[in-house]
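Let me begin by presenting the structure, written as structure tokens, before commenting on it.
Residue numbers (my numbering), protein chains in the order written: chain A, 237 to 556; chain B, 605 to 916.
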């Protein structure tokens with residue numbers, strides 16, 4: 237059962253009708269509906285092209301949060317071999333919202349770290365909807381130290397609504413953990429590559445995305461605050477999220493113009509959730525290219541370039 | 605509605621209320637309600653003389669009290685591009701900026717200065733909560749980088765007073781990018797072996813806490829300052845339970861191991877001098893006036909007198 241977003245309603249109707257016709261035909265023999273059904277398919281395809289041609293920023297947020305969108309775990313399983321999860325921050329707990337460990341990418345050993353949101357109720361609760369606690373960031377810090385020690389590139393997959401706003405998380409130093417994780421990203425003398433695969437939610441994303449190269453999937457978003465949060469603060473009305481999403485300039489396309497995103501990874505028609513394999517392959521191609529660019533560089537150059545890249549941000553704005 | 609309620613009564617009221625509390629002379633403490641005379645309050649660094657409640661203090665007032673004789677030189681901050689996203693909510697961003705500038709008479713939400721405290725040269729940066737909630741945008745990021753670069757150039761410690769509601773939403777992702785940018789600034793100090801001391805003041809929240817404000821060599825907070833990543837209201841909405849008394853306040857963080865010290869504003873200057881002089885391996889500061897000449901004449905070491913602080 238496909239999950240349709242609210243703006244995909246008309247599409248759902250047409251695809252539903254085609255499906256219905258075909259089921260009907262299967263039940264009663266001799267009935268030929270194929271012509272009619274494929275006409276509907278064609279109409280649906282065209283509608284999909286039209287809908288996804290120019291998604292509004294708010295619609296992009298919806299696509300980025302789509303429950304069937306490939307998540308961190310899907311990318312890790314498909315893109316890496318010998319993935320060996322490494323757990324815990326050696327301090328308090330293992331945070332299941334953050335996956336991390338050793339793996340091979342095109343046979344090269346790397347450290348991979350990412351937010352995992354979960355894909356059903358049980359796993360979503362276990363993964364805390366991809367909202368990390370301090371332990372998650374401290375696990376990442378530990379893994380980045382390991383990467384630095386053994387000269388392994390770091391690949392991060394960012395997909396989080398934000399860091400978890402909870403009592404324990406605050407008591408155990410959520411802000412300090414995020415600050416140290418960002419600091420660690422800036423310190424290590426190995427390539428750091430980040431792909432924003434869904435939602436890049438505020439500080440919780442920055443802690444992993446302070447990288448030499450930041451790529452974003454075509455319909456992913458990266459923002460200082462969620463559109464709902466921004467709307468409730470600036471418009472005093474959380475329902476104004478469409479306006480807020482517009483104003484925040486959180487799409488991969490706008491962020492590319494601002495040099496925050498180095499590369500946009502194309503998604504299959506209708507978003508990554510409609511063809512997971514195609515989306516994953518596009519990420520593979522982008523990662524291969526980015527890693528090849530960085531592999532030959534010395535540790536000190538990588539650190540210097542990474543710093544300079546962030547110091548230079550903000551020199552260009554967007555024109556209206 | 606008639607002429608009397610619309611016109612006469614407000615005028616009468618305004619005449620009387622003006623006489624009762626002359627503007628700017630008295631301030632009411634938000635905590636205990638005591639009326640405090642302006643001079644008494646500013647002499648006590650905006651700390652209530654009755655209940656010790658720490659009210660906001662502007663960066664300029666803070667620097668006037670912090671630096672020896674109130675003398676400091678402002679460090680120039682590179683000007684960022686204005687309104688990079690052409691941000692518009694119910695008001696245009698440049699309009700909000702103008703209103704904040706008018707209200708505070710400052711250009712932006714951070715002031716950077718160099719000078720001496722207890723004859724100890726430092727660079728200091730202070731965030732202005734009165735300016736759009738002290739929010740961290742590109743200017744604040746540039747200010748922190750400028751402060752760090754200046755500190756490195758002069759080989760001086762950096763003392764940073766934080767106060768902010770978080771990142772400046774009107775600069776979108778570019779405000780978020782100040783988290784890594786300011787972290788680079790902290791690394792510059794670290795590599796130069798210079799002390800970086802953070803004084804967290806009320807309130808320090810969001811992306812500010814999650815970057816430069818939590819990366820100090822020494823972390824000091826003013827009493828009862830709210831210091832957090834997610835604000836208490838957001839947390840209550842998420843976990844749907846009442847938060848404990850004093851949650852996310854300076855003393856609570858101290859108890860949870862997140863701070864080195866909680867120090868009242870009136871003792872902060874002395875404490876900063878003491879800590880900085882130890883970290884930079886300088887002899888202790890001599891407090892109070894210079895000793896009388898005949899006393900020092902008999903002593904061989906005279907350089908101690910040079911360290912004496914007359915401004916206490």
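No residue lacks a Cβ here, since even glycine has one placed at the ideal position from N, Cα and C.
Neighbour-count burial assignment, residue 732 of chain B, 16 or more Cβ in a 10 Å radius: By the neighbour-count rule (16 or more Cβ atoms within 10 Å), residue 732 of chain B is buried.
Looking at residue 281 of chain A and the ligand MG, is the gap between the Cβ and the nearest heavy atom below 7 Å? In terms of ligand content, the structure shown is empty, and the ligand MG therefore cannot be addressed.
Can you list, in chain order, the stretches of the beta strand (DSSP E) that have 3 or more residues and sit fully within the segment 701–738 of chain B? Given a length threshold of 3 residues, each whole run of the beta strand (DSSP E) inside the segment 701–738 of chain B is given here in chain order: 714–721, 724–731.
Residues of chain B with a CB under 8 Å from the CB of residue 424 of chain A: which are they? Result: empty, since nearest Cβ-Cβ is about 12 Å, beyond 8 Å.
Selection of the segment 767–783 of chain B by Cβ proximity to chain A, strictly under 7 Å: Cβ contacts with chain A: 771, 773, 776, 777, 778, 779, 780, 781, 783.
Could you check whether the Cβ of residue 369 of chain A sits closer than 8 Å to any Cβ belonging to chain B? It does not; no Cβ of chain B falls within 8 Å.
When you compare the CB positions of residue 482 of chain A and residue 467 of chain A, do they come within less than 8 Å of one another, or not? Contact annotation: residue 482 of chain A and residue 467 of chain A have beta-carbon atoms that are not nearer than 8 Å.
Rounded C-beta distance between residue 818 of chain B and residue 782 of chain B? I'm assuming under 8 Å. With 8 Å as the limit, residue 818 of chain B and residue 782 of chain B do not qualify as a contact, their Cβ atoms being about 14 Å apart.
Could you say if the segment 399–412 of chain A and the segment 377–385 of chain A meet the contact criterion of at least three C-beta pairs nearer than 8 Å? The segment 399–412 of chain A makes no contact with the segment 377–385 of chain A, as fewer than three CB pairs between them are under 8 Å.
Give me the Cα-Cα distance between residue 839 of chain B and residue 755 of chain B, rounded to the nearest whole angstrom. About 38 Å.
Near-chain A residues of the segment 801–825 of chain B (beta-carbon distance less than 7 Å), N- to C-terminal order: Within the segment 801–825 of chain B, the residues whose Cβ lies closer than 7 Å to some Cβ of chain A are 811, 813, 814, 815, 818, 819, listed in chain order.
4 or more residues per run - each alpha helix (DSSP H) lying fully within the segment 394–482 of chain A: If we require 4 residues or more, the alpha helix (DSSP H) runs fully inside the segment 394–482 of chain A come out as 403–407, 410–423, 438–445, 463–466.
Residue-chain proximity (residue 446 of chain A, chain B), Cβ-Cβ < 8 Å: At least one chain B Cβ lies under 8 Å of residue 446 of chain A.
Starting from residue 812 of chain B and walking both ways along the alpha helix (DSSP H), at which residues does that stretch end? No alpha helix (DSSP H) contains residue 812 of chain B, which DSSP labels as neither H nor E.
Residue 365 of chain A and residue 341 of chain A: beta carbons closer than 8 Å? Not in contact: residue 365 of chain A and residue 341 of chain A (Cβ atoms no closer than 8 Å).
Taking just the CA atoms, how far does residue 322 of chain A sit from residue 508 of chain A? Each residue's alpha carbon lies about 28 Å from the other.
My output table needs one value for residue 495 of chain A: the three-state DSSP class, helix, strand or coil. DSSP places residue 495 of chain A in the coil class of the three-state scheme, outside both helix and strand.
Note down, in chain order, all residues in the segment 389–406 of chain A with a beta-carbon under 9 Å from any beta-carbon belonging to chain B. Contacts with chain B (Cβ-Cβ distance below 9 Å) from the segment 389–406 of chain A involve 398, 399, 400, 401, 402, 403, 405, 406, listed in chain order.
What are the boundary residues of the beta strand (DSSP E) that residue 321 of chain A is part of? The continuous beta strand (DSSP E) containing residue 321 of chain A extends over residues 316–321.
Taking all protein chains shown into account, decide if residue 260 of chain A is buried (16 or more other Cβ within 10 angstroms of its Cβ) or exposed. With fewer than 16 Cβ atoms within 10 Å of its Cβ, residue 260 of chain A is classed as exposed.
Keeping to the same chain, check which residues put their C-beta closer than 6 Å to that of residue 764 of chain B; ignore five residues upstream and five downstream. Here residue 764 of chain B has 729, 802 as same chain residues with Cβ atoms under 6 Å from its own Cβ, once five neighbours each way along the sequence are excluded.
Any chain B beta carbon closer than 8 Å to residue 294 of chain A: Against chain B, the CB of residue 294 of chain A has no partner CB under 8 Å away; the residue lies outside that interface.
Name the residue from B/784, B/792, B/816 whose alpha carbon lies nearest to the alpha carbon of residue 421 of chain A. Looking from the CA of residue 421 of chain A, the closest CA among B/784, B/792, B/816 belongs to B/784.
Buried or exposed for residue 361 of chain A, please, with buried defined as at least 16 other CB atoms from any protein chain shown within 10 angstroms of its CB. By the neighbour-count rule (16 or more Cβ atoms within 10 Å), residue 361 of chain A is not buried but exposed.
Verify the CB distance criterion: does residue 733 of chain B have a CB-CB separation below 8 Å to chain A? At a cut-off of 8 Å between C-beta atoms, residue 733 of chain B does not count as an interface residue with respect to chain A.
Would you mind telling me which residues of chain B sit closer than 9 Å to residue 451 of chain A, beta carbon to beta carbon, in chain order? Identification of chain B residues near residue 451 of chain A by a Cβ-Cβ cut-off of 9 Å yields none; the smallest Cβ-Cβ distance measures about 15 Å.
Pull up the DSSP beta-bridge partners for residue 349 of chain A, would you. Bridge pairing for residue 349 of chain A: A/336, A/392 [DSSP].
Please state whether the Cβ-Cβ distance between residue 554 of chain A and residue 780 of chain B is less than 8 Å. With contacts defined as CB atoms closer than 8 Å, residue 554 of chain A and residue 780 of chain B fail to qualify as a contacting pair.
Contact check, residue 548 of chain B vs residue 822 of chain B under 8 Å by CB: the rounded distance? Since the first residue shown for chain B is 605 and the last is 916, residue 548 of chain B is missing from the structure and cannot be characterised.
State the DSSP-derived secondary structure class of residue 638 of chain B, mapped to helix, strand or coil. Judged by DSSP in its simplified three-state form, residue 638 of chain B adopts coil rather than helix or strand.
If you check the beta carbons only, do residue 285 of chain A and residue 241 of chain A fall under 8 Å apart? Their beta carbons are not under 8 Å apart, which means residue 285 of chain A does not touch residue 241 of chain A by this criterion.
May I ask you to report which of helix, strand or coil DSSP gives residue 632 of chain B? Of the three classes helix, strand and coil, the one that applies to residue 632 of chain B here is strand, per DSSP.
If contacts are defined as beta-carbon pairs under 8 Å, then residue 395 of chain A and residue 308 of chain A qualify, I think. What distance do you get, rounded to the angstrom? Rounded, the Cβ-Cβ distance is 6 Å, consistent with contact.
In angstroms, rounded to a whole number, what distance separates the CA positions of residue 719 of chain B and residue 677 of chain B? Rounded to whole angstroms, residue 719 of chain B to residue 677 of chain B spans 6 Å at the Cα level.
Given this structure, state the Cα-to-Cα distance separating residue 510 of chain A from residue 850 of chain B, to the nearest angstrom. Those two C-alpha atoms are separated by around 49 Å.
Could you tell me the alpha carbon to alpha carbon distance between residue 888 of chain B and residue 882 of chain B, rounded to whole angstroms? Roughly 8 Å separates the two Cα atoms.
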